[in-house]
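As structure tokens, the structure follows; a few thoughts come after it.
Numbering (mature numbering (1 follows the signal peptide of the UniProt record, and there is no 0)), first residue to last: -18 to -1, 1 to 386.
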């Protein structure tokens, strides 16, 4: 019992002494700015400047984006590595020129099309998990949408920061949306967020604590942090490696395009259901090709199972990086899939839930992890599977600590 207490005491001391105080001044061309917001992106750490434009924030060691914003001024995003921090920071804000077309804003109509796009935005940004059900946008009217029908691309911008109340996790979140794009089946969004705790009864706080741990367990943040602690397999993760190759059964895009063009030129009705074993005409060949359009474009081949966790990270000159070939499949064995994940597609049928499985598809490798287990550039990888199902509604601030 004494040993356990001593271990906990060491954790507490480490968390206290590992903090660094970041301070500075925010001003414009006329002098100090009072009331400017200064916060570390995706954390609960933030403040506003005093009458002298000064601010001071305590933060754990790591690499962060420090956001400095003030209404009517251009936002500053300052990349800060606390290991290199030595002196007080000075930020000079410049007045914002209207970047949004006021004509477009004034003509925004909250019609059925806008409402439909809003539902798509909520589905792809907040998500549809059980925890995300308690995540509500308080001011959705600040969103503006543009749909490019020709290229099947939906984009969204926000006139003001989104205000989000998360009843399931106990947070109020201010989210400054920078970019949101749905390009066919690929979703990407970028923004800056600040978290605050909601007030609630002890019963609510206990539920929030439970839900936060549920959101953390099995997440990619949890996974990356186990890599640094070398506890990946003990905490329920299994790592496989797979290669993605073009599907040899699916015709090329060029062949599909030519087949479609030929079918359009045909003057007679075409029976796509007729049996064709040996195509004898160009039309027969075109029909056979178009029947294979819905086949997957690629096939995944698993070639390494249960690989060591230290084989996918590298450490050079004190810098920790994710570094591996091809793609990773991550299985979290301590939680099963939600019903909503199983039925996420319109044609899905209910089946027995399996262990949560996600894929890491690298866009840039190696990609750097800070000492707290966070990617310095989250857009360096693309997630598929369960992690793509858990969207912003399952996100936690970077300074969330499951041990607290």
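All residues carry an ideal CB built from backbone N, CA and C; glycine is no exception.
Hey, out of the options, whose CA is closest to residue i's CA?
{"i": "residue 47", "options": "363, 359, 371 and 365", "result": "359"}
{"i": "residue 379", "options": "247, 102, 320 and 204", "result": "204"}
{"i": "residue 231", "options": "141, 274, 249 and 32", "result": "274"}
{"i": "residue 302", "options": "36, 233, 352 and 45", "result": "352"}
{"i": "residue 395", "options": "211, 62 and 125", "result": "Residue 395 lies beyond the range of the chain shown here (-18 to 386); nothing can be said about it."}
{"i": "residue 157", "options": "177, 149, 163 and 151", "result": "177"}
{"i": "residue 94", "options": "309, 127 and 70", "result": "127"}
{"i": "residue 44", "options": "174, 22 and 314", "result": "22"}
{"i": "residue 326", "options": "216, 111 and 194", "result": "111"}
{"i": "residue 78", "options": "52, 148 and 331", "result": "52"}
{"i": "residue 374", "options": "220, 172 and 213", "result": "172"}
{"i": "residue 179", "options": "197, 185 and 149", "result": "149"}
{"i": "residue 123", "options": "109, 139 and 346", "result": "139"}
{"i": "residue 10", "options": "72, 29, 42 and 120", "result": "72"}
{"i": "residue 50", "options": "31, 41 and 64", "result": "31"}
{"i": "residue 315", "options": "290, 217, 276 and 308", "result": "217"}
{"i": "residue 120", "options": "100, 129, 131 and 69", "result": "100"}
{"i": "residue 220", "options": "338, 386, 28 and 361", "result": "338"}
Going by the DSSP bridge assignment, what does residue i pair with across the sheet?
{"i": "residue 42", "result": "1"}
{"i": "residue 48", "result": "22 and 60"}
{"i": "residue 13", "result": "10"}
{"i": "residue 77", "result": "55"}
{"i": "residue 140", "result": "125"}
{"i": "residue 130", "result": "135"}
Is it true that the CB of residue j sits closer than 8 angstroms to the CB of residue i?
{"i": "residue 207", "j": "residue 17", "result": "no"}
{"i": "residue 155", "j": "residue 67", "result": "no"}
{"i": "residue 25", "j": "residue 383", "result": "no"}
{"i": "residue 144", "j": "residue 164", "result": "no"}
{"i": "residue 55", "j": "residue 75", "result": "yes"}
{"i": "residue 241", "j": "residue 201", "result": "no"}
{"i": "residue 147", "j": "residue 118", "result": "yes"}
{"i": "residue 292", "j": "residue 348", "result": "no"}
{"i": "residue 340", "j": "residue 367", "result": "yes"}
{"i": "residue 344", "j": "residue 363", "result": "yes"}
{"i": "residue 166", "j": "residue 134", "result": "yes"}
{"i": "residue 151", "j": "residue 194", "result": "yes"}
{"i": "residue 289", "j": "residue 196", "result": "no"}
Quick one: is residue i near chain C, going by C-beta distance under 8 angstroms?
{"i": "residue 364", "result": "Among the protein chains of the structure shown there is no chain C, as only one such chain exists."}
### Ordered list of beta strand (DSSP E) runs contained in the stretch 165 to 234, each at least 3 residues
For the stretch 165 to 234, the full-length beta strand (DSSP E) segments reaching 3 residues or more read 168 to 179 and 219 to 228 along the chain.
### Query
Given 8 angstroms as the limit, is there contact between the stretch 2 to 14 and the stretch 37 to 47, that is, 3 or more CB pairs closer than that?
Yes: the two stretches touch, three or more of their Cβ pairs being nearer than 8 angstroms.
### Message
I'd like to know if the stretch 239 to 252 and the stretch 279 to 290 are in contact, where contact means that at least 3 CB-CB pairs between them fall below 8 angstroms.
### Response
Contact fails: fewer than three Cβ-Cβ distances are below 8 angstroms.
### Message
List, from N- to C-terminal side, the alpha helix (DSSP H) runs of 4 residues or more that fit wholly inside the stretch 96 to 128.
### Response
The stretch 96 to 128 contains no whole alpha helix (DSSP H) run of 4 or more residues.
### Message
Report the start-end ranges of each beta strand (DSSP E) in the stretch 297 to 328 that is 3 residues or longer and not cut off at the edges.
### Response
Counting only runs of 3 or more, we get 301 to 304 and 309 to 318.
### Query
Does the count of Cβ pairs from the stretch 188 to 205 and the stretch 251 to 268 closer than 8 angstroms reach three?
These segments do not touch.
### Task
Check whether the stretch 225 to 245 touches the stretch 319 to 337, counting contact only when three or more Cβ pairs, one atom from each stretch, lie closer than 8 angstroms.
Taking 8 angstroms as the limit for Cβ pairs, the verdict is that the stretch 319 to 337 does not touch the stretch 225 to 245.
### Query
Can you list the beta strand (DSSP E) stretches of 3 or more residues lying completely in the stretch 259 to 302, in chain order?
Those beta strand (DSSP E) runs which fall completely within the stretch 259 to 302 and span 3+ residues are 280 to 286 and 295 to 298.
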